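The next block holds one structure in the form of structure tokens; read it before the comments.
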Amino acid sequence: MSAMPGVVAVNTFREAVRDRVLYNLVFFALLMMGAAILVGQVSIGINRLVIVNLGLSAISVIGLVMAVFIGVGLIHKEIEKRTLYSLLARPVRRWEFLVGKYGGLLLTLVVNTSFMTVGLAAALYYVGRPFVRSDVTVLVAIYFILLELALVTAIALFFSCFSSPMLSTLFTLAIFVTGLFASDIRDFGALTNDRAMEAFTRALYYLVPNFHNFNAIAAAGHGDRIPLALVGENTLYAAVYATVVLVAGSVVFARRNLK
Amino acid sequence: MTRLSPGRASWKAIVAIPLLFAAAAFLQVRIDAQTRSDGAQQEQLLVSSGALLKKLSLGYDPLLADIYWTRAVQYYGTRVGEGHGDFALLDPLLNISTTLDPHLIIAYRFGAIFLSEPKPIGDGRTDLAIQLVKRGVAANPNEWRLDYDLGLLYYWRLKDYQPAAAAFLAGSNVPGAPFMTLKLMAASVAEKGGSIETSRMIFAELYQSTKDPEVQKMALKELRALKAQEDEMHLDQIVREYEKRFRRKPASIQELISARLLRGSPVDPAGFPYEIGPDGKSRLDPRSPIKPPDQ
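Protein sequences appear in the order of chains A and B.
Numbering that gives the first Met the number 0 applies: residue 0 is where the first sequence begins, and numbers increase by one.
Numbering that gives the first Met the number 0 applies: residue 0 is where the second sequence begins, and numbers increase by one.
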């Protein structure tokens with residue numbers, strides 16, 4: 000297999016670091032410190048819960064913002080700067096470029112999330128609670144967030160293959176929100192008592208990415224066990240879905256007229 | 000117009016920025032003073048449906064639950080400080096918190112206290128507190144503390160002993176609960192409520208299920224006391240019958256036997272004969288080791 004996607008991925012990561020993308024970690028650190036100090040003074044009995052819920056929500060939101068806003072600009076920026084033309088003149092196939100860009104942003108997100116995980120652990124330590132076995136659920140929840148981000152990044156990149164950054168952002172966010180309400184769409188169809196509508200909403204349920212699968216924040220907050228089978232199934236689901244989206248993106252990008 | 004050198008410009012900016020911030024803060028104080036009358040309007044719930052908020056939260060409902068619970072605590076604290084006993088938003092805030100996170104145990108437990116405390120310290124709404132805790136029990140069947148809280152609400156606030164005993168008993172069946180303590184509480188509350196049958200059932204089960212000799216001894220003692228209490232109630236019924244027939248109270252058990260209302264002299268579980276007291280009611284022999292349940 001060609002090493003090109005790896006080269007593109009490393010360069011994309013370097014570019015992200017150069018663009019000071021990781022500065023968001025300062026915001027995250029301040030948020031965690033503020034919450035750890037303040038929450039005990041304004042509420043009752045939820046110090047740890049707030050740190051876990053706030054930390055995981057912040058990791059998710061920051062990651063989503065990065066995945067969407069950087070993802071939609073990755074291809075467009077290369078076209079606008081005309082660097083894509085010199086790159087494609089070399090022995091780099093378009094799909095390799097796309098996969099490399101995807102890998103680079105994913106690497107950025109993994110590094111960013113890892114730092115935030117350390118920050119979250121520090122905040123939990125500060126609120127004075129020793130780590131227990133059930134805290135593994137927090138790590139599983141973070142892993143699920145990463146799977147969610149992998150999927151969102153693929154979708155953002157797909158739209159950026161044929162659309163402007165502004166429209167790609169709107170499309171990606173629309174798909175994300177629709178994916179969160181996937182089960183409601185299916186239930187809505189069942190409520191209509193119309194077979195055709197029911198079949199349509201059911202098909203839609205399986206078609207849109209179900210982002211609800213990756214939400215384990217509540218379980219992490221209460222230290223509930225997450226079955227290992229679910230971890231495996233979610234990993235496969237994200238991998239399969241992201242592959243489908245990236246293949247579709249590659250097809251679109253290969254046919255795109257870059258003149 | 001003369002141009003400033005970059006060094007001088009940045010010094011001026013360093014001075015100007017804090018000054019401008021101070022000016023903005025001063026203006027905000029003025030604006031706040033003019034709009035203070037609007038303050039009362041701020042304390043309201045724009046969205047009162049927890050289910051709707053859960054949908055709108057886009058998956059961040061646990062964090063939103065924490066925020067609403069904190070808001071409920073702050074609301075309660077502020078209202079207690081004001082001392083007028085108006086807690087109109089407390090129940091909706093607690094409902095939203097627990098709908099957003101049905102496992103937020105602390106909200107059920109403390110929320111029930113806030114709701115059930117008499118005015119002006121609380122809302123004085125034990126009914127709402129019971130509804131809240133019942134929802135908590137339904138959503139968290141493995142949390143015995145909620146059954147315990149429910150039992151306390153019935154026991155302390157409503158003096159309704161049967162549901163209190165039922166709640167303690169339900170809690171004692173939850174895995175990991177201090178089942179013996181809860182069973183004892185259930186039994187004694189049932190006894191207080193006059194349900195000797197329930198109380199005896201619980202003590203009998205406790206006697207059979209425990210391996211602790213001390214607990215067995217105590218359960219046996221309670222079972223004997225309950226038996227004596229039941230005997231006394233039966234004897235008092237016979238005394239009333241005697242009173243109807245002879246228009247006076249009997250002076251002794253012997254008079255009941257002579258009237259053929261009793262076949263022989265009944266004895267308590269320790270083997271001591273029952274007596275008729277000066278008030279005409281049955282009682283235990285003073286030498287009997289059995290003590291009435293309240294002692």
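By construction, the Cβ of each residue, glycine as well, lies at the ideal position given by its N, Cα and C atoms.
Since the model is a prediction, treat every value here as computed from it, not as a measurement.
Quick check on residue i: buried or exposed, where buried means 16 or more other Cβ atoms within 10 Å of its Cβ?
i	result
S159(A)	buried
W143(B)	buried
K182(B)	buried
D122(B)	buried
L108(A)	buried
P164(A)	buried
F175(A)	buried
S281(B)	buried
I201(B)	buried
Q33(B)	exposed
N209(A)	buried
Q228(B)	buried
Residue i CB to nearest chain A CB: under 7 Å?
i	result
F109(B)	yes
G49(B)	no
Y59(B)	yes
T125(B)	no
H83(B)	no
D146(B)	no
V72(B)	yes
H102(B)	yes
T69(B)	yes
L18(B)	no
L89(B)	no
I30(B)	no
I95(B)	no
Q40(B)	Unreliable placement is indicated for Q40(B), whose pLDDT of 48 sits below 50; no coordinate value is reported for it.
D65(B)	yes
F86(B)	no
Any Cβ of chain B within less than 7 Å of the Cβ of residue i?
i	result
G44(A)	yes
H75(A)	no
A217(A)	yes
N233(A)	no
G229(A)	The question names Gly, yet the displayed sequence has Leu at residue 229(A). Cβ-Cβ to chain B under 7 Å: no for L229(A).
G178(A)	no
N52(A)	yes
D220(A)	The identity of residue 220(A) in the sequence shown is Gly, whereas the question assumes Asp. It does; some Cβ of chain B falls within 7 Å.
S260(A)	Look at the range of chain A in this structure, 0 to 258, and you will see that residue 260(A) is not part of it.
V49(A)	yes
N214(A)	yes
V110(A)	no
Give me the Cα-Cα distance between residue i and residue j, rounded to the nearest whole angstrom.
i	j	result
L190(A)	F199(A)	13 Å
Y240(A)	L156(A)	13 Å
L146(A)	A217(A)	17 Å
K76(A)	S167(A)	13 Å
A111(B)	L145(B)	10 Å
S249(A)	T152(A)	14 Å
Y75(B)	S56(A)	27 Å
S42(A)	F187(A)	38 Å
E240(B)	E274(B)	17 Å
A120(A)	K158(B)	47 Å
A181(A)	A202(A)	10 Å
From the DSSP output, in three-state form, read off residue i for me.
i	result
R13(A)	helix
V266(B)	strand
I275(B)	strand
S182(A)	helix
S56(A)	helix
S171(B)	helix
S208(B)	helix
R282(B)	strand
G118(A)	helix
F161(A)	coil
L45(B)	coil
H102(B)	coil
R47(A)	helix
Within the same chain, show all residues whose beta-carbon is closer than 8 Å to that of residue i, passing over the 5 residues directly before and after it, in chain order.
i	result
L99(B)	G49, L52, K53, S56, D60, P61, L63, A64 and Y67
G5(A)	G99 and G102
D85(B)	R78
L219(B)	Y206
If we cut at 7 Å on Cβ distances, does residue i have a partner in chain E?
i	result
V139(A)	Annotation note: the requested chain E is absent from the structure, which comprises protein chains A and B.
In chain order, what residues of the same chain lie with their CB nearer than 7 Å to the CB of residue i, ignoring the 5 residues before and after it?
i	result
A39(B)	Only weak support is given to the placement of A39(B): the predicted model assigns it a pLDDT of 49, under 50, and the question is left unresolved by the model.
A149(A)	L105, A237 and A241
S96(B)	A64, Y67, W68, A71, L103 and A106
What do you reckon, is the C-beta of residue i under 6 Å from a heavy atom of the ligand NAD?
i	result
A195(A)	The model depicted lacks the ligand NAD and carries no ligand whatsoever.
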